[in-house]
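Reading through the structure tokens given below for one structure.
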Amino acid sequence: IEFVPYEDNKQNLGIFKHVLSSELGIKFKTSHDHEASCYQSAFLIGSEEVKRSFLSDLSIPNELKVSDLTLQFCSKSDLIPAASESHLPVLTDQPPEDFSTQFFNDHLKTNKIGRLTLYLPLVTSSMIIVSNATLPHGFVAIPRRQSRGTGRNRNQWLSPDGCAMFSLQLHVPLDSPLGQRLPMVQHLVALGIVLGIRNQPGYGELDVRLKWPNDVYANGRSKLGGIIVNSQLEGSRAVVNVGCGVNLSNSTPTTCVNDVIGEFNRERRERLRALGYEQLLAQIFNEIERIFEEVQRGKVEVLYDLYRRYWLHEGQSVTIRDRDGLDVTGTVAGIDEYGYLLVKVDGAGQPICVHPDGNSFDMMKGLIIPKYC
């Protein structure tokens with residue numbers, strides 16, 4: 528019997544397991560017991576020139592230590608060590624069997640993002656890799672499965688089969704347009720996910736939109752994906768690490784992109800194809816880089832205009848609860864230059880600014896509760 532220890536059910540699960548083991552003699556294994564035996568080598572994907580440049584810049588030859596994980600870069604002629612939770616060999620000269628590098632490269636149109644990719648069949652969390660090392664701008668880690676994926680506020684991010692996930696590192700000069708508006712990076716990447724789905728011929732009418740600040744929703748009610756962001760300052764630049772997960776072909780726990788496409792086909796009598804795993808990832812990277820470069824060239828308004836075009840909240844009525852527990856009503860008036868929500872309170876003058884990390888909010892219900900110190 529295998530139990531997956533979801534946080535909300537740990538106490539009841541522990542009691543249940545104790546009764547079964549003590550009274551019936553049933554033995555249990557956890558998901559971590561199973562995963563420990565199925566770690567596999569990772570794969571470094573990119574042109575020979577890009578891979579060679581990356582490997583030559585490692586401070587320890589053919590090795591990269593990130594937190595509690597060591598990546599050991601190997602060629603197929605090397606003696607390849609066993610893979611484990613803390614030690615992953617990375618094959619540099621052969622492709623993975625379950626990820627089509629040709630299909631991925633056929634769809635990838637970027638200059639930097641995704642041009643050096645680490646593909647991981649199983650890892651604790653791909654964010655461990657990008658968050659604990661300075662890697663080339665545009666470096667991507669793609670985990671097929673994660674045993675300890677994390678979402679916003681350190682919530683567990685479930686990583687079922689069919690979920691397209693990646694962690695991305697971006698280098699942003701602090702004196703650049705985006706460097707002066709770093710909180711907008713999360714909005715840019717979330718927008719890249721939506722456009723990666725919708726900016727293809729025939730797919731533009733799919734009801735896939737943005738929920739402020741950085742979630743992706745289908746039909747205004749079902750979550751398709753979300754992102755987390757952390758950053759560090761290094762001299763005159765910010766190193767921004769972004770983790771993303773998108774339900775591509777897994778119908779549970781909510782819905783998925785390909786279910787949305789199937790529903791659209793039935794309702795509109797269309798024949799749109801389901802999106803492939805490598806295809807969607809490449810299309811998302813294309814859109815992220817396109818918007819990133821436009822903003823850095825000074826076209827900041829492109830990001831704001833696109834975000835508001837594809838979000839769910841234009842003109843939405845909301846209720847804000849003040850420190851005394853009193854409710855005031857207002858209307859969403861947009862976002863400010865840093866991506867914070869602007870709300871025009873009924874009967875007031877200037878809109879007030881709402882920060883995502885300083886408030887409890889349920890934007891789908893239109894309720895915002897500021898967190899006061």
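Numbered per the working numbering, the sequence shown spans residues 528 to 900. We put the CB at the ideal spot given by N, CA and C, even for glycine. Predicted, not measured: the structure shown is a model, and the values here were computed from it.
Buried versus exposed, by CB contacts within 10 Å (16 or more), residue i
{"i": "T779", "result": "exposed"}
{"i": "E805", "result": "buried"}
{"i": "D889", "result": "exposed"}
{"i": "N493", "result": "The shown model of the chain, from 528 to 900, leaves out residue 493, and the question about it has no answer."}
{"i": "D633", "result": "exposed"}
{"i": "L615", "result": "buried"}
{"i": "K742", "result": "At residue 742 the sequence reads Asp, which differs from the Lys that was named. Buried, because 16 or more other Cβ atoms sit within 10 Å of the Cβ of D742."}
{"i": "R579", "result": "exposed"}
{"i": "A609", "result": "exposed"}
{"i": "G876", "result": "exposed"}
{"i": "R708", "result": "buried"}
{"i": "G908", "result": "Given a span of 528 to 900 for the chain in the structure shown, any question on residue 908 remains unanswerable."}
{"i": "G770", "result": "buried"}
{"i": "E575", "result": "exposed"}
Cβ shell of residue i (< 6 Å), same chain only, five flanking positions each side left out
{"i": "F812", "result": "T637, I640 and G641"}
{"i": "C690", "result": "G772, N774 and N777"}
{"i": "V617", "result": "A569, L571, L598 and F600"}
{"i": "R672", "result": "L649 and S686"}
{"i": "E797", "result": "none"}
{"i": "N746", "result": "D734"}
{"i": "Q727", "result": "none"}
{"i": "D595", "result": "S613"}
{"i": "P670", "result": "L647, V650, S653 and M692"}
Length of the line joining the Cα atoms of residue i and residue j
{"i": "P588", "j": "E612", "result": "21 Å"}
{"i": "H698", "j": "I815", "result": "13 Å"}
{"i": "R764", "j": "L853", "result": "42 Å"}
{"i": "G753", "j": "A717", "result": "7 Å"}
{"i": "V721", "j": "P648", "result": "25 Å"}
{"i": "V855", "j": "I656", "result": "44 Å"}
{"i": "S686", "j": "A668", "result": "15 Å"}
{"i": "I862", "j": "H714", "result": "11 Å"}
{"i": "I724", "j": "V787", "result": "11 Å"}
{"i": "E828", "j": "V822", "result": "8 Å"}
{"i": "I755", "j": "G719", "result": "14 Å"}
{"i": "S564", "j": "V593", "result": "The pLDDT assigned to S564 is 45, lower than 50, so where the model puts this residue is not dependable; a value taken from the coordinates is nonetheless given after this. If I take the Cα positions, the gap works out to 22 Å."}
{"i": "L737", "j": "Q567", "result": "35 Å"}
{"i": "E761", "j": "S658", "result": "13 Å"}
{"i": "Q759", "j": "V767", "result": "7 Å"}
{"i": "K871", "j": "A860", "result": "6 Å"}
{"i": "T651", "j": "D688", "result": "15 Å"}
{"i": "K826", "j": "E864", "result": "13 Å"}
{"i": "R795", "j": "L833", "result": "25 Å"}
{"i": "D605", "j": "L635", "result": "30 Å"}
{"i": "T661", "j": "L695", "result": "11 Å"}
{"i": "I895", "j": "R817", "result": "33 Å"}
{"i": "C880", "j": "Y831", "result": "16 Å"}
{"i": "R836", "j": "G731", "result": "12 Å"}
{"i": "G789", "j": "P878", "result": "41 Å"}
Contact set for residue i: own chain, Cβ-Cβ below 7 Å, skip 5 residues either direction
{"i": "G803", "result": "F630"}
{"i": "P663", "result": "F581 and L643"}
{"i": "L701", "result": "S763, R764 and A765"}
{"i": "K603", "result": "L618, D620 and Q621"}
{"i": "G893", "result": "Q843, S844, V845 and T846"}
{"i": "V577", "result": "R642 and L643"}
{"i": "W739", "result": "W838, H840, L868 and M890"}
{"i": "F626", "result": "Y646 and E805"}
{"i": "N539", "result": "Residue confidence is low: N539 scores 49 on pLDDT, short of 50, so the model does not pin down where it sits. Its coordinate-derived value is still stated next. Same-chain partners within the cutoff: there are none."}
{"i": "F791", "result": "L733, E797 and L799"}
{"i": "P883", "result": "P740"}
Same chain, Cβ closer than 8 Å to residue i, neighbours up to 5 away in sequence not counted
{"i": "S749", "result": "T781 and T782"}
{"i": "G706", "result": "V699, P700, R764 and A765"}
{"i": "L585", "result": "L591 and F600"}
{"i": "I607", "result": "S568, C601, P616 and L618"}
{"i": "G573", "result": "F581, R642, L643 and T644"}
Cβ separation of residue i and residue j, assumed to be a contact under 8 Å, to the nearest whole Å
{"i": "G693", "j": "L808", "result": "First, the residue type needs correcting, since residue 693 is Phe and not Gly in the sequence shown. About 6 Å; that satisfies the 8 Å criterion."}
{"i": "G866", "j": "P710", "result": "5 Å"}
{"i": "G729", "j": "L799", "result": "5 Å"}
{"i": "V784", "j": "L751", "result": "6 Å"}
Runs of alpha helix (DSSP H) lying entirely within the region 638–705, each at least 4 residues, in chain order: Complete alpha helix (DSSP H) runs here, min 4: 654–658.
Segments of 3+ residues assigned as beta strand (DSSP E) that fall wholly inside the region 724–784: 735–738, 742–745, 749–761 and 764–774
4 or more residues per run - each alpha helix (DSSP H) lying fully within the region 568–595: As far as the region 568–595 is concerned, its whole alpha helix (DSSP H) runs of at least 4 residues are 575–583.
Every unbroken beta strand (DSSP E) inside the region 831–867 [3 residues or more]: 844–848 and 854–862
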